[in-house]
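Asker: Let me give you the structure first, and then I'll get to my questions.
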Amino acid sequence: MATKSEISTQPAPTSAPVTLSKEEVLRYSRHLIMPEVGMEGQLRLKQAKVLCIGTGGLGAPLGLYLAAAGVGRIGLVDFDTVDFTNLQRQILFSTSDVGRPKIEAASDRLRDLNPEIQIDRFETHLSSDNALDILKDYDIVVDGTDNFPTRYLVNDACVLLGKPNVYGSIFRFEGQVTIFGYPDGPCYRCLYPEPPPPGLVPSCAEGGVLGVLPGIVGAIQAAETLKLIIGKGQSLVGRLLLFDALAMRFRELKLRKNPDCPVCGQHPTVTKLIDYVEFCGIRGEEASAPQLSIPEITPRELKARLDRGDDLFILDVREPHEYQICNLGGHLIPLGDLSKRVSELDSSREIVTHCRSGKRSAEAVDFLRQAGFRKVLNLKGGILAWSDDVDPSVPKY
Amino acid sequence: MAVKVIIPTPLRAYADKQESVQLQASNVGEAMEALTARFKELKKHLYSDDGRLRSFVNVYVNDEDIRYMQKDQTPLREGDTVSIVPSIAGGLQQ
């Protein structure tokens with residue numbers, strides 16, 4: 022749980038009349054010569070305070086463009102450390118940053134980009150306990166974490182505080198962008214009153230993201246944020262922008278404020294922050310409960326039995342593109358095809374199923390047992406655990 | 276009425292990996308019925324056990340949310356596009 026002592030902010034700037042220095046005039050000249058921004062818009066940017074939650078895929082282009090544009094005060098919230106899998110899309114970080122706290126690497130990069138602005142660092146999980154306190158000092162909030170508990174938390178906190186929330190979300194090749202929490206505009210709960218139960222959202226098998234996608238979506242969030250600050254153009258309030266990078270197509274849907282919305286409607290039932298992890302996860306625990314009774318084998322036990330020459334049939338239930346990354350030489354039937362291809366399996370033999378982490382293969386064991394297979398085991402921890410415990414030459418992904 | 280139904284990326288795995296399908300339907304309810312009859316796996320992702328559209332899935336006819344039109348009874352015209360838009364989240368759960 023975060024405590025206030027973990028939150029470091031620099032003192033607020035004094036309230037002297039805001040002007041641009043000679044260096045700032047030079048730095049922002051391409052804004053200043055454009056009438057839509059001009060001196061007035063640039064001074065608005067200098068006085069603006071924007072909170073960026075998350076410094077990852079969406080937060081990277083957002084932070085970079087807001088800092089470059091001269092947003093006077095940028096708050097960053099992140100608790101994570103940089104790892105190698107981040108570098109494919111999180112362009113705030115370099116290979117030499119791996120292992121560093123993201124907040125440190127991000128603020129160093131933004132300070133280097135623009136030393137004229139103030140960076141506030143919040144090295145913490147945003148939670149119901151600290152969100153209102155962290156958000157209250159900012160004009161605009163941008164959520165770049167792209168996970169359900171934080172999204173509902175930020176939505177509700179922004180509605181309660183009356184702050185616009187520039188929203189972006191990505192999945193594989195597809196993105197969504199809009200602005201929630203604007204006066205008289207819809208909020209995220211108007212669109213989706215409840216999160217999906219974890220069992221029904223695509224698992225790691227269908228996940229993944231094209232590295233440039235958060236770059237595009239985060240840059241659109243940055244554009245919307247800058248437009249809100251300078252007060253120009255048509256914002257995305259009331260419009261959900263859908264982007265498909267594979268088709269390279271933008272579409273737009275109308276968003277309406279829901280009069281029955283539990284948080285921003287006429288008779289709100291959510292009037293303070295709740296426990297968002299519970300709100301988003303409670304049904305997930307139910308969904309994973311059957312796995313408790315799934316018979317398992319550990320990677321070390323499997324290795325010992327294979328070395329002993331036991332007759333085991335290895336069934337890999339991942340997708341073909343995952344098999345190409347690494348495999349244990351098993352017979353490949355993706356989980357989604359198992360019901361159609363079950364005849365390929367011999368129920369008299371002992372079968373060990375595996376996937377990447379053990380979740381999909383547990384579903385496969387459950388399915389096979391219901392289909393009458395008696396000797397089926399799940400490889401505990403999947404190919405990741407095999408790499409950790411048996412064969413480190415197998416790459417992890 | 277020939278209409279196009281756009282299937283979002285997260286649900287394509289349950290719809291034979293198709294991006295969109297052409298269907299004959301005179302209202303949204305019929306279109307969704309025809310769709311889930313063709314792709315049985317889709318049904319549990321779109322509807323709860325009591326037959327209601329799940330609260331993290333919205334359906335649009337062209338750019339309008341059917342919740343603010345006639346819901347399942349929203350009529351379709353030749354060439355309309357029905358979009359299924361679920362909530363998505365690509366980031367890690369903290």
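These protein sequence lines are chains W and P, in that order.
Numbering-wise (our numbering), the first sequence opens with residue 22 and increments by one.
Numbering-wise (our numbering), the second sequence opens with residue 276 and increments by one.
No residue lacks a Cβ here, since even glycine has one placed at the ideal position from N, Cα and C.
For clarity, every value in this text was computed on a predicted model and none was experimentally measured.
1) What three-state label does DSSP hand His288 of chain W in the structure shown?
2) So which of W:Leu356, W:His352, W:Phe169, W:Arg277 has the shortest CA-CA distance to Gly302 of chain W?
3) Apply the 10 Å Cβ neighbour rule to Glu245 of chain W and answer buried if 16 or more other Cβ atoms are within range, or exposed otherwise.
4) How would you call Lys123 of chain W, buried or exposed, if buried means at least 16 neighbouring beta carbons within 10 angstroms?
5) For Ile363 of chain P, which residues in chain W fall below 8 angstroms Cβ to Cβ?
6) Output yes or no for whether 8 angstroms exceeds the beta carbon distance between Leu261 of chain W and Leu276 of chain W.
7) My guess is that Ile282 of chain P and Gln293 of chain P are in contact by the Cβ rule of under 8 angstroms, so how many angstroms apart are they, rounded?
8) Nearest CA to the CA of Val363 of chain W: which residue from W:Lys380, W:Gly402, W:Leu336?
9) With a threshold of 8 angstroms between beta-carbons, can Tyr343 of chain P be considered close to chain W, or not?
10) Ordered along the chain, which non-local residues of its own chain (more than five positions away) have a Cβ less than 8 angstroms from that of Leu64 of chain W?
11) Is DSSP giving Tyr49 of chain W helix, strand or coil here?
12) Put Lys346 of chain P into one of helix, strand or coil per three-state DSSP.
13) List the endpoints of the continuous alpha helix (DSSP H) containing Gly81 of chain W.
14) Can you tell me the Cβ-Cβ gap for Ile112 of chain W and Pro136 of chain W, rounded? I've got them flagged as a contact below 8 angstroms.
15) In whole angstroms, what is the alpha-carbon distance linking Glu273 of chain W and Leu323 of chain W?
16) Once DSSP output is grouped into helix, strand and coil, what is the label at Ile354 of chain W?
17) Tell me where the alpha helix (DSSP H) around Lys6 of chain W begins and ends.
18) Helix, strand or coil for Val170 of chain W? Go by DSSP, reduced to three states.
19) If I'm right that Val373 of chain W touches Leu398 of chain W with Cβ under 8 angstroms, what's the distance once you round it to whole angstroms?
20) Are Ile74 of chain W and Val162 of chain W touching if we call contact CB-CB under 8 angstroms?
21) Tell me, please, whether the region 134–149 of chain W touches the region 102–120 of chain W by the rule of three or more beta-carbon pairs shorter than 8 angstroms.
22) Between the region 345–360 of chain P and chain W, which residues of the former have a C-beta closer than 8 angstroms to a C-beta of the latter?
23) How big is the Cα-Cα spacing for Val303 of chain P and Val357 of chain P?
24) Give me the subset of the region 283–297 of chain P whose CB atoms are less than 9 angstroms from a CB atom of chain W, sorted by chain position.
25) Going straight from the alpha carbon of Ser128 of chain W to that of Ser301 of chain P, what length do you get?
26) Does chain W have any CB closer than 8 angstroms to the CB of Tyr322 of chain P?
27) Within 10 Å of its beta-carbon, does Glu57 of chain W have 16 or more other beta-carbons around it, so buried, or fewer, so exposed?
28) Given that a residue counts as buried once 16 or more other Cβ atoms are within 10 Å of its Cβ, and exposed if not, what is Tyr297 of chain W?
29) If you check the beta carbons only, do Arg377 of chain W and Leu359 of chain W fall under 8 angstroms apart?
30) Just by C-beta distance, which residues in the region 165–182 of chain W are closer than 9 angstroms to chain P?
31) Which runs of the alpha helix (DSSP H) fall wholly inside the region 305–341 of chain P and span at least 4 residues, in chain order?
32) At which residues does the alpha helix (DSSP H) containing Val233 of chain W begin and terminate?
33) Alpha carbons only, please: which of W:Leu257, W:Cys211, W:Val198 is nearest the one belonging to Leu234 of chain W?
34) Alpha carbon to alpha carbon, how far is Gly78 of chain W from Asn107 of chain W?
35) With a cut-off of 8 angstroms, do at least 3 Cβ pairs link the region 275–290 of chain W to the region 333–352 of chain P?
36) Run down chain P in chain order and give the residues with a C-beta less than 7 angstroms from the C-beta of Lys277 of chain W.
Answerer: Taking the coordinates as given:
1) coil
2) W:Phe169
3) buried
4) buried
5) Ser190, Ile191, Phe192, Glu195, Gln197
6) yes
7) 6 angstroms
8) W:Leu336
9) yes
10) Val39, Thr40, Leu41
11) coil
12) helix
13) Gly is not the amino acid found at residue 81 of chain W; the sequence shown has Ala there. It spans 80–90 - the alpha helix (DSSP H) in which Ala81 of chain W sits, taken as one unbroken run.
14) Incorrect: roughly 20 angstroms between the Cβ atoms, too far for contact.
15) 52 angstroms
16) coil
17) Any question about residue 6 of chain W goes unanswered here, given that chain W covers just 22 to 418.
18) It should be noted that the sequence gives Pro, not Val, for residue 170 of chain W. Note: Pro170 of chain W maps to helix in three-state DSSP.
19) 5 angstroms
20) yes
21) no
22) Ser358, Val360
23) 8 angstroms
24) Pro283, Thr284, Pro285, Leu286, Arg287, Ala288, Tyr289, Glu294
25) 55 angstroms
26) no
27) exposed
28) buried
29) no
30) Gly165, Thr166, Asp167, Asn168, Phe169, Pro170, Thr171, Arg172
31) 317–321
32) 233–251
33) W:Val198
34) 8 angstroms
35) yes
36) Here the sequence assigns Arg to residue 277 of chain W, which means Lys is not the residue at that position. Under the 7 angstroms cutoff, chain P gives Asp340, Tyr343.
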